[in-house]
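> Would you mind keeping the following structure in view while I ask a few things?
Chains as they are written, first to last, in this note's numbering: chain Y, 57 to 151; chain S, 60 to 541.
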């Protein structure tokens, strides 16, 4: 397999990225070469090998579900591009 | 005496002996920044008045009392800007301190300045910053390495005595090597990431840069430890990471991995590293030939896992709660797509697309799951090696600092240069880079880094070994001629 079937425009849509035509062309070539390089992983026999998701020896950390201190709402909302009535404002979602 | 030449330990000694004060120190470093940073471009911003006020009331009896520490622009400091060198976060002000920052402040340190980086820590040269190109203090036509290039350059240019960076695939060790300073990536779980803008959560660690291993140990003492805000941080007995310093290399078993001395690396880097290894042997270290047979797969595994995790982590940058939003969106989808198109740079987009692809339906098993399995093989390589040796000794980077612009159009070539640093993140072990020589190139001296890798949570021993090398090498006393 020379170039794996990566369709940059489709994947960009999944990732919520609006790319220009030029970006699509450049990324198609660059990512194609990167995916070709990655193909060598397929040579390895990984039968029976457990996957590693992370290297921490700790799993399933739990705590009591109790209310804690939160960040100050006004300070947090200062970072929002638009806010009103102590809420973040976004374009209309439901007609 | 010029205070900018002093290490953290020396500054602290001077404060406590009453020779000079934290106010003298912050003024000296600020004067240095004003003098050299127009050339180096390590700092995105800084607040001198705030730092001066902190210096005036500093408690020098604390472990880091009155010492200024530069901060990579990916770590939140209350009330300061934090952009990850991205346009997407332009104008964002941190509403809280990262845990490492509250710990530094509790230890009496003064976080000073926001340091430039590759956007969202994606890159090996700091050329992916949306704001400025940081220059290598040893040769300002060259890159400082990355992604924590500002953190490394600021220390190398004597603009601050120490800094914090983050390391996902080498982003502390590689720029430390290229700028001729010391950079430590702690083991996974050693340091809380709460308040670090996440890139790849199974790989990211925060760590220090300084001129000496001792200074890095002092900083690790301050920032390590369990944090209830980061469930991957480990609850371990308190440890003094300076406890292994001041020893020698007699009887220390150093592993030399044959896969880390390969064709294609700069022969001058190889010669420097081999000379350093010989020096360790002459000082009594026992050299052991080892093999890490899955090394050749590490870069591929990394660029699947890191981009997959990044594509999920960066989904939060959607124009809703913080940072930029595209103007006049016609609906929610248009707002997301255009905000991200306008806000992210090319490298970030490239990685989001790769990460989304390897996680997408029909490809997950072939790429992501397979990469996680090979990651297990890479971990086992290290576990087997550390049965036989106390630490691994190898180059940090196959290359010297390269000219600005040389590799920006060839991402695969840029990725392949991460070969010697990436496996440590995949395996969760600790590693650091120390200076081991310089090479003349175009009339300038360029630093070479020597990497020591230690088994998971073995930082005290690792720092001790690096410190012992430092004592016999003398390279840490050399600084860039600026």
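Even glycine gets a Cβ: it sits at the ideal position worked out from N, Cα and C.
Could you tell me whether any Cβ in chain S is nearer than 9 Å to the Cβ of residue 128/Y?
With 9 Å as the cut-off, residue 128/Y counts as an interface residue toward chain S.
> I need the DSSP call for residue 542/S, collapsed to helix, strand or coil.
Residue 542/S lies beyond the residue range present for chain S, which begins at 60 and ends at 541; the question has no answer from this structure.
> Can you name the start and end residues of the alpha helix (DSSP H) that residue 201/S belongs to?
Unbroken run through residue 201/S: none, as it is neither H nor E.
> Skipping 5 residues on each side, what residues in its chain have a beta carbon closer than 7 Å to that of residue 579/S?
No answer is possible for residue 579/S: the residues shown for chain S start at 60 and end at 541.
> Would you mind reading off the limits of the alpha helix (DSSP H) that contains residue 431/S?
Where residue 431/S is concerned, the enclosing alpha helix (DSSP H) stretches over 429 to 447.
> Please tell me whether residue 267/S and residue 539/S are closer than 9 Å, where the distance is taken between their beta carbons.
No, the pair does not count as a contact, with Cβ atoms beyond the cut-off.
> Any idea what DSSP makes of residue 545/S, helix, strand or coil?
Since the first and last residues shown for chain S are 60 and 541, residue 545/S lies out of range.
> Using a Cβ cut-off of 9 Å (strictly closer), state whether residue 533/S contacts chain Y.
No, its Cβ sits nowhere closer than 9 Å to a Cβ of chain Y.
> Could you tell me the alpha carbon to alpha carbon distance between residue 181/S and residue 409/S, rounded to whole angstroms?
Rounded to the nearest angstrom, the two C-alpha atoms are 10 Å apart.
> Does the beta-carbon distance from residue 511/S to residue 202/S come in below 9 Å?
In this structure, residue 202/S does not lie closer than 9 Å to residue 511/S by Cβ.
> Counting only the same chain and skipping the five closest in sequence on each side, list residues whose C-beta sits under 7 Å from that of residue 317/S.
Closer than 7 Å at the Cβ level, and outside the excluded window around residue 317/S, lie 348, 350.
> If you count every other CB in all the chains shown that lies within 10 Å of the CB of residue 353/S, and 16 or more means buried, which is it?
Residue 353/S comes out buried.
> For residue 115/Y, count neighbouring Cβ atoms within 10 angstroms of its own Cβ and tell me buried if that reaches 16, exposed if not.
So residue 115/Y ends up on the exposed side.
> What residue range does the beta strand (DSSP E) around residue 222/S cover?
It spans 221 to 226 - the beta strand (DSSP E) in which residue 222/S sits, taken as one unbroken run.
> Evaluate residue 57/Y with the Cβ neighbour count: other Cβ atoms within 10 Å of its Cβ, from every protein chain shown; 16 or more gives buried, anything less gives exposed.
Unreliable positioning characterises residue 57/Y in this predicted model, as indicated by a pLDDT of 39, which lies under 50. The coordinate reading is nonetheless provided below. It counts as exposed.
> Within the same chain, show all residues whose beta-carbon is closer than 6 Å to that of residue 342/S, passing over the 5 residues directly before and after it, in chain order.
The answer, listed in chain order, is 308, 531.
> Step through the CB atoms of chain S and report whether any lies within less than 9 Å of the CB of residue 81/Y.
So no, residue 81/Y is outside the interface.
> Between residue 381/S and residue 68/Y, is the Cβ-Cβ spacing less than 9 Å?
Cβ distance not < 9 Å, so residue 381/S and residue 68/Y don't count as in contact.
> Below 7 Å CB to CB, which residues in the same chain sit around residue 523/S once its five sequence neighbours on both sides are set aside?
Same-chain partners within the cutoff: 303, 304, 306.
> Are there three or more Cβ pairs, one per stretch, closer than 8 Å when the region 112 to 129 of chain S is compared with the region 233 to 243 of chain S?
They do not touch, by the three-pair rule.
> Under a Cβ-count criterion, where at least 16 other Cβ atoms within 10 Å of its own Cβ denotes burial, should residue 326/S be classed as buried or exposed?
By the neighbour-count rule (16 or more Cβ atoms within 10 Å), residue 326/S is not buried but exposed.
> Taking all protein chains shown into account, do 16 or more other C-beta atoms lie within 10 angstroms of the C-beta of residue 150/Y, making it buried, or fewer, making it exposed?
By the neighbour-count rule (16 or more Cβ atoms within 10 Å), residue 150/Y is not buried but exposed.
> Here's a check: name, in chain order, each residue in its chain whose Cβ is nearer than 6 Å to the Cβ of residue 83/Y, leaving out the five neighbours to either side.
Within the same chain, residue 83/Y has close Cβ partners 64.
> If I follow the unbroken alpha helix (DSSP H) through residue 339/S, where does it start and stop?
Note, residue 339/S: alpha helix (DSSP H), 326 to 341.
> Any idea what DSSP makes of residue 384/S, helix, strand or coil?
In the structure shown, residue 384/S sits in coil (DSSP, three-state: anything other than H, G, I, E or B).
> For residue 505/S, count neighbouring Cβ atoms within 10 angstroms of its own Cβ and tell me buried if that reaches 16, exposed if not.
Buried: at least 16 other Cβ atoms inside 10 Å.
> I want to see whether chain Y comes within less than 9 Å of residue 158/S, judged by CB atoms only; does it?
No, residue 158/S lies away from the interface with chain Y (no Cβ there is under 9 Å from its Cβ).
> Does residue 109/Y come within less than 9 Å of chain S when only Cβ atoms are used?
Closer than 9 Å: yes.
> Does the beta-carbon distance from residue 100/S to residue 173/S come in below 9 Å?
In this structure, residue 173/S does not lie closer than 9 Å to residue 100/S by Cβ.
> Measuring alpha carbon to alpha carbon, tell me which of 514/S, 65/S, 269/S, 79/S ends up nearest residue 493/S.
The residue with the shortest Cα to Cα distance from residue 493/S is 269/S.
> Once you ignore the five residues that flank residue 293/S on each side, which residues in its own chain have a CB closer than 8 Å to its CB?
Only 248, 249, 285, 516 meet the Cβ criterion.
> Against chain Y, which members of the region 415 to 441 of chain S pass a CB distance test of less than 8 Å?
Residues passing the 8 Å Cβ filter: 415, 416, 419, 425, 426, 428, 429, 430, 431, 432, 433, 434, 435, 436, 438.
> State the Cα-Cα distance for the pair residue 445/S and residue 514/S, rounded to the nearest angstrom.
Each residue's Cα considered, the two are about 6 Å apart.
> Please classify residue 539/S: does DSSP put it in a helix, a strand, or coil?
In the structure shown, residue 539/S sits in coil (DSSP, three-state: anything other than H, G, I, E or B).
> Strictly under 9 Å for the Cβ-Cβ distance: is residue 142/Y near chain S by that measure?
Chain S contact via Cβ: absent.
> Per the DSSP calculation, residue 131/S is bridged to which residue(s)?
According to DSSP, residue 131/S bridges with 174/S.
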